[in-house]
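Chemist:
There are 2 protein chains.
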Amino acid sequence: MPEVTLVEVGLRDGLQNESRILSTSVKGQLAGLLMDAGVKELEVTSFVHPRWVPQLADATELIRTLPDRTDVRYRALVPNQKGLERALQTNVDEFAVFMSASETHNQKNINKGIDETFPVLQEVIQEVQNQGKRVRGYVSTVFGCPYEGEVPLSNTARICNRLLEMGVYELSLGDTIGVAVPNQVKEKLKALTQEIPAERLAGHFHDTRGTALANAYVSLELGITTLDSAFGGLGGCPYAPGAAGNVATEDLVYMLERMGVSTGIDLKKLCQAGWLAEEQLGKQLPSKVLQSVAAAEKKEESP
Amino acid sequence: MPEVTLVEVGLRDGLQNESRILSTSVKGQLAGLLMDAGVKELEVTSFVHPRWVPQLADATELIRTLPDRTDVRYRALVPNQKGLERALQTNVDEFAVFMSASETHNQKNINKGIDETFPVLQEVIQEVQNQGKRVRGYVSTVFGCPYEGEVPLSNTARICNRLLEMGVYELSLGDTIGVAVPNQVKEKLKALTQEIPAERLAGHFHDTRGTALANAYVSLELGITTLDSAFGGLGGCPYAPGAAGNVATEDLVYMLERMGVSTGIDLKKLCQAGWLAEEQLGKQLPSKVLQSVAAAEKKEESP
Numbered sequence: 001m002p003e004v005t006l007v008e009v010g011l012r013d014g015l016q017n018e019s020r021i022l023s024t025s026v027k028g029q030l031a032g033l034l035m036d037a038g039v040k041e042l043e044v045t046s047f048v049h050p051r052w053v054p055q056l057a058d059a060t061e062l063i064r065t066l067p068d069r070t071d072v073r074y075r076a077l078v079p080n081q082k083g084l085e086r087a088l089q090t091n092v093d094e095f096a097v098f099m100s101a102s103e104t105h106n107q108k109n110i111n112k113g114i115d116e117t118f119p120v121l122q123e124v125i126q127e128v129q130n131q132g133k134r135v136r137g138y139v140s141t142v143f144g145c146p147y148e149g150e151v152p153l154s155n156t157a158r159i160c161n162r163l164l165e166m167g168v169y170e171l172s173l174g175d176t177i178g179v180a181v182p183n184q185v186k187e188k189l190k191a192l193t194q195e196i197p198a199e200r201l202a203g204h205f206h207d208t209r210g211t212a213l214a215n216a217y218v219s220l221e222l223g224i225t226t227l228d229s230a231f232g233g234l235g236g237c238p239y240a241p242g243a244a245g246n247v248a249t250e251d252l253v254y255m256l257e258r259m260g261v262s263t264g265i266d267l268k269k270l271c272q273a274g275w276l277a278e279e280q281l282g283k284q285l286p287s288k289v290l291q292s293v294a295a296a297e298k299k300e301e302s303p
Numbered sequence: 001m002p003e004v005t006l007v008e009v010g011l012r013d014g015l016q017n018e019s020r021i022l023s024t025s026v027k028g029q030l031a032g033l034l035m036d037a038g039v040k041e042l043e044v045t046s047f048v049h050p051r052w053v054p055q056l057a058d059a060t061e062l063i064r065t066l067p068d069r070t071d072v073r074y075r076a077l078v079p080n081q082k083g084l085e086r087a088l089q090t091n092v093d094e095f096a097v098f099m100s101a102s103e104t105h106n107q108k109n110i111n112k113g114i115d116e117t118f119p120v121l122q123e124v125i126q127e128v129q130n131q132g133k134r135v136r137g138y139v140s141t142v143f144g145c146p147y148e149g150e151v152p153l154s155n156t157a158r159i160c161n162r163l164l165e166m167g168v169y170e171l172s173l174g175d176t177i178g179v180a181v182p183n184q185v186k187e188k189l190k191a192l193t194q195e196i197p198a199e200r201l202a203g204h205f206h207d208t209r210g211t212a213l214a215n216a217y218v219s220l221e222l223g224i225t226t227l228d229s230a231f232g233g234l235g236g237c238p239y240a241p242g243a244a245g246n247v248a249t250e251d252l253v254y255m256l257e258r259m260g261v262s263t264g265i266d267l268k269k270l271c272q273a274g275w276l277a278e279e280q281l282g283k284q285l286p287s288k289v290l291q292s293v294a295a296a297e298k299k300e301e302s303p
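Residue numbers (UniProt numbering), protein chains in the order written: chain B, 1 to 303; chain Z, 1 to 303.
1. Within the continuous alpha helix (DSSP H) that includes H105 of chain B, where are the two ends?
2. Closer than 8 Å by C-beta to D207 of chain Z: which residues in its own chain qualify, once you throw out the five before and the five after it? Chain order, please.
3. Take L33 of chain B and list the residues in its own chain whose beta-carbon comes closer than 6 Å to its own, dropping the five residues that flank it on each side.
4. What is the rounded straight-line gap between the Cα of R158 of chain Z and the Cα of P146 of chain Z?
5. Could you give the distance in angstroms between the alpha-carbon of A216 of chain Z and the alpha-carbon of E127 of chain B?
6. Have a look at Z:L276, Z:V261, Z:T60 and Z:L252 and flag the residue whose alpha-carbon is nearest the alpha-carbon of V289 of chain Z.
7. Going along chain Z in order, which residues have a C-beta closer than 9 Å to the C-beta of M259 of chain B?
8. Of the residues B:G144, B:Q131 and B:V135, which one's Cα is nearest the Cα of Q89 of chain B?
9. Distance check for V181 of chain B and T117 of chain Z, CA to CA, integer angstroms please.
10. Report yes or no: do the segment 259-269 of chain Z and the segment 187-194 of chain B share at least 3 C-beta pairs separated by less than 8 Å?
11. Measuring only the C-alpha atoms, how far is G113 of chain Z from T104 of chain Z?
12. Output the distance between the C-alpha atoms of K283 of chain Z and Q107 of chain Z, rounded to the nearest integer angstrom.
13. If A87 of chain Z sits next to F95 of chain Z, beta carbons under 8 Å apart, how far is it from one beta carbon to the other, in whole angstroms?
14. Considering only the beta carbon of each residue, do residue 320 of chain Z and L171 of chain Z sit closer than 9 Å?
15. I'd like the list of long-range same chain contacts for L30 of chain B, defined as Cβ closer than 7 Å, with 5 residues on each side in sequence excluded.
16. Measure the C-alpha to C-alpha separation of R162 of chain Z and L42 of chain B and round it to an integer number of angstroms.
17. Under 8 Å Cβ-Cβ, which residues of chain B neighbour T208 of chain Z?
18. Run through DSSP, which three-state label would G203 of chain Z get?
19. Taking Y254 of chain B as the query, report the chain Z residues whose CB atoms sit under 7 Å from its CB, ordered along the chain.
20. Give the interface partners of L213 of chain B over in chain Z, defined as CB-CB distance under 8 Å, in chain order.
21. Taking Cβ-Cβ distances shorter than 8 Å, what residues in chain Z pair up with A273 of chain B?
22. Which residue wins for smallest C-alpha separation from Q280 of chain Z, given the options Z:P2, Z:E8 and Z:V26?
23. Apply the 10 Å Cβ neighbour rule to P69 of chain B and answer buried if 16 or more other Cβ atoms are within range, or exposed otherwise.
24. Only counting runs of 4 or more residues, tell me where the alpha helix (DSSP H) segments fall wholly within the segment 92-151 of chain Z, in order along the chain.
25. Taking 9 Å as the cut-off, decide whether the C-beta atoms of S229 of chain Z and V7 of chain Z are in contact.
26. Is E8 of chain Z helix, strand or coil when you go by DSSP?
27. Under a three-way DSSP split, which group does Q16 of chain B fall into?
28. Quick check on R69 of chain Z: does DSSP put it in helix, strand or coil?
29. CB R75 of chain Z to CB V92 of chain Z, shorter than 9 Å?
30. Determine, for V218 of chain Z, whether the minimum Cβ-Cβ distance to residues of chain B falls below 9 Å.
31. On the CB-based measure, 16 or more other CB atoms within 10 Å of its CB, does N111 of chain Z come out buried or exposed?
32. Is A191 of chain B close to chain Z, meaning its C-beta is less than 9 Å from at least one C-beta of that chain?
33. What number of angstroms, rounded off, separates the C-alpha of Y239 of chain Z from the C-alpha of K298 of chain B?
34. Please tell me whether G178 of chain Z has its Cβ less than 9 Å away from any Cβ of chain B.
35. Relative to the C-alpha of F98 of chain B, which candidate in B:L173, B:Q55 and B:L62 has its C-alpha closest?
36. To the nearest angstrom, how far is the alpha carbon of R20 of chain Z from that of G14 of chain Z?
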């Protein structure tokens, strides 16, 4: 049993931010490699409208190509009832709704105010529960908003409590633009865990400024044992070849395993997925461990 | 007054590991940009034999081109009496000796056993003190050795105590191959600070596996307020284009300043040095902040 649950979001949060669109068959291969490496919680896609995220337009098709695995949970994002209807025609195991802790980001991302968003998500959560399945809630911009800057913790707390009441089993707290630093994460999570049990919280850190692993470490110290990550550190900003997306699963697995925390993931096997993604995206991915394993292998090959 | 002292080691520890050799004039320009950004502790070069580190063969020449700045401390590595003699012909303000906490690494790096190294360093330290100047001690492989794996803390403690007795004012504890993880850093530093005051210790973390910033954060929590870093994250392994060297100064400055810890360094100005190094080395450097600032500027330029 792993002591930490890693939710692999590379195929969704990663690929949705990559400028090159991968084929359904390559995505299927990547999913296969991730599962071979021991990934059990696999967010595979999003049922947002293909106009907004063309990278994931093949959501239905992709899920249909995935093998039946009782030991792996396939997860998908659903923005609203319409998305859910499409998702329910596939064998998605778990769903996720999303909204932002800052009004402006919510407005720009979902085209609705925060309070207008609740009824939309309520409908989705209700319907998923009717199907006997679980819903996770993503809360974005918890540690900073590109439009509003600092986001008061009270915003986050209000949204978290409301989503829990509505029936989500877990809240993934997002550092969407990768601005968080460890003492801020500590302070916010300490306050939040006064109200909400740590078991209901997950950390979702982007590595735009290199702080994601430090933030993940601090979260873990506060008893948050579910962390989101993307293999290779997929999801970099298209404007910056080296800019990072989510914290890299490889780096997180390395850190945790060497800390004595079991993740259930085989690092060497995991690298296979990263290397295939690099080949298919035509660029180097930001994961440091991926690069250092590659360097070590090259060294062995050389005379 | 900065609350944390950052020792900028990019021109030495960074450049000595880059395969492309920069000209003395470019190094001088880089030093100038670093000082413009507020760097006060600047390790500029090493007086090891040019046969071993051709990248820094211009040590004497470089220091002679640097401006007289009473507010900046120019630092240089000296391996032995011979190196010191060369260094003493320049206006280096502060010297550093080095050795490893693991026998095999010390043997491979210095061509001597640990116990044979002490008298060599003793001579250097004595002579520097005769000149009324300070000497720092670098201890490598504190958190892991490429040949021996785990390195017992007792090795490190013994070497640190001996070097202090011999007269070094500070010990920089190196994660030379970038294998350390935060709980290990915490454990080792907690034990070490039982014997040695935290003010005498500095953290020197390489970012080979992405953990350097988390390790720096943990060090800071234990009262260690001197940290070594390299602008751009210079010093990557020549086998891996994306592999990182020292923790990137930009990333460290970002984290610290947002944590409310003053570094005295202007991040925007600091990026100028990183961009010049990228241009001159013909490759992208690993600092995440450097990339994200570059991306933000590109975005502003685009319509």
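Built from N, CA and C at the ideal position, the CB exists for glycine as well. This one's a predicted model, so the numbers in the text were calculated from it and none came from an experiment.
Modeler: Taking the structure as given:
1. E103 to I110
2. G178, L213, G233, A244, G245, N246, V247, A248 and P286
3. Q272 and A273
4. 20 Å
5. 46 Å
6. Z:L252
7. V181, P182, N183 and Q184
8. B:Q131
9. 41 Å
10. no
11. 8 Å
12. 33 Å
13. 7 Å
14. This structure leaves residue 320 of chain Z out entirely; chain Z is present only between 1 and 303.
15. L11, A273, L276 and A277
16. 52 Å
17. K288 and S292
18. strand
19. R209
20. G210, T211, L213 and A214
21. None at all; the shortest Cβ gap to chain Z is about 17 Å.
22. Z:V26
23. Note that residue 69 of chain B is Arg in the sequence shown here, rather than Pro. R69 of chain B should be labelled exposed.
24. 103-110 and 114-130
25. yes
26. strand
27. helix
28. coil
29. yes
30. yes
31. exposed
32. no
33. Confidence is the limiting factor: at Y239 of chain Z the pLDDT is only 48, short of 50, which leaves the residue's position unreliable and the question unanswerable from this model.
34. yes
35. B:L173
36. 11 Å
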